[in-house]
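I have placed the structure first, in the form of structure tokens, so that the comments after it can refer back to it.
Residue numbers (the working numbering): 53 to 436.
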């Protein structure tokens, strides 16, 4: 049942005291809430106006309790919407609690004799309505922020894929809290069936449990994820795999920050195009492990990497290593046949193969590494 309206004299005294009560409430907030003391002056003044509007709305509510939803929602219109972004819902509840406490403490000063309990009960009921109104305001702000963040994420992902890096990328990332995020890696895979918004919501939920920071977008039929603050990008991707569609998921190289993430995105994009050439590839697979397929599919960056990181170090270490890798591949990966072809002892072949692994990081006895070595030798010789 709605509260019985107090006498008109009580309402007039309460209305006249609203300004003083609001001032006293803000003084109490300043006294007991350290975070409130550190707020800028303009935001503190907005809080004062909201407190005053709340007490004034309480008087109107006592006159017509049936208008509670309308009156309580109007309280928060006294301050700008930006205030809800700088004051959390928990902090807003603390502000409401202190204002209610101050009003309750001074009930005797403006309540008619015998009306104190009625007025206190009305204050409790009204504070409940205010709490509901605050929850609605913050829910609306969160919904707007979520939609805005999703648009910003899509823009950041689009810039990374296009390679159009500029200062606007960093400003957009800063708005998402990614300005200082490090290290960063880009992951690309097929998008599952469904609306992009639902796909991204599911991805964010999956990333929340292991504590992985992600930016994501669904351009076309692909799901693009930017991992932040994860030292091992493959390990960080594994909890997210169920949110991708069927097919290969490629992890680009880890880079220092979002400003350098374009290189990771290019490698991951080239890897996803070339992954069909390695049906047995692990999921997820590093873009660096797809260098042979990327080079064969026309990726110039992969070709340069094979020449610069594999062929040149071997060539600079001496022709014996190049000759040993060639003979080892042509002999089907057998030590004895390689030794006979080179007129050396098998132990010499073993030593040279170990040197190959030390010089360029590729082990000839591993089939994938041997394929990479062969292709690097071909490309290096073609370049002369």
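The beta-carbon is built from N, C-alpha and C at its ideal position, and this holds for glycine as well.
Roughly how many angstroms separate the alpha carbons of residue i and residue j, rounded to a whole number?
i, j, result
"residue 63", "residue 92", "34 Å"
"residue 255", "residue 295", "6 Å"
"residue 262", "residue 381", "43 Å"
"residue 409", "residue 289", "28 Å"
"residue 130", "residue 158", "Caution is warranted here: a pLDDT of 47 is assigned to residue 130, below 50, making its placement in the model unreliable, and no coordinate value can be reported."
"residue 114", "residue 155", "14 Å"
"residue 342", "residue 86", "55 Å"
"residue 78", "residue 72", "10 Å"
"residue 281", "residue 310", "11 Å"
"residue 193", "residue 81", "Since pLDDT at residue 193 reaches only 49, below the 50 mark, its modelled position is unreliable, and the value read off the structure follows with that caveat. About 24 Å."
"residue 94", "residue 100", "10 Å"
"residue 104", "residue 75", "8 Å"
"residue 370", "residue 436", "15 Å"
"residue 316", "residue 307", "7 Å"
"residue 151", "residue 98", "14 Å"
"residue 181", "residue 89", "27 Å"
"residue 197", "residue 268", "Confidence at residue 197 is low in this model, with a pLDDT of 45, below 50, so its placement is unreliable and no value can be given for it."
"residue 411", "residue 250", "48 Å"
"residue 328", "residue 300", "8 Å"
"residue 147", "residue 173", "20 Å"
"residue 169", "residue 96", "32 Å"
"residue 245", "residue 324", "18 Å"
"residue 121", "residue 273", "Unreliable positioning characterises residue 121 in this predicted model, as indicated by a pLDDT of 44, which lies under 50. A coordinate reading is not provided."
"residue 398", "residue 405", "11 Å"
"residue 392", "residue 419", "21 Å"
"residue 111", "residue 66", "7 Å"
"residue 416", "residue 333", "19 Å"
"residue 354", "residue 264", "29 Å"
"residue 388", "residue 279", "47 Å"
"residue 407", "residue 429", "16 Å"
"residue 320", "residue 413", "21 Å"
Across which residues does DSSP place residue i in a beta bridge pair?
i, result
"residue 248", "Note: residue 248 sits in no beta bridge, so no partner."
"residue 338", "303"
Rounded to whole angstroms, how far is the Cβ of residue i from the Cβ of residue j, which I believe are closer than 8 Å?
i, j, result
"residue 259", "residue 292", "6 Å"
"residue 276", "residue 238", "7 Å"
"residue 243", "residue 270", "5 Å"
"residue 347", "residue 305", "16 Å between Cβ atoms; not a contact."
"residue 107", "residue 161", "The pair is not a contact, with the Cβ atoms about 14 Å apart (cut-off 8 Å)."
"residue 490", "residue 283", "Because the chain is modelled from 53 through 436, residue 490 falls outside the range shown and cannot be assessed."
"residue 379", "residue 366", "No, residue 379 and residue 366 are not in contact; Cβ-Cβ is about 14 Å, not under 8 Å."
"residue 431", "residue 373", "Not really, about 16 Å apart at Cβ, beyond 8 Å."
Inset, instruction - Flag this pair as touching only if the stretch 343-363 and the stretch 409-428 have three or more C-beta atom pairs under 8 Å; answer yes or no. - result: They touch, by the three-pair rule.
Legend entry - Entirely enclosed beta strand (DSSP E) segments - the stretch 233-305, minimum 3 residues: 236-242, 265-269, 274-280
Legend entry - Length-filtered (3 minimum) beta strand (DSSP E) runs lying within the stretch 372-402: none
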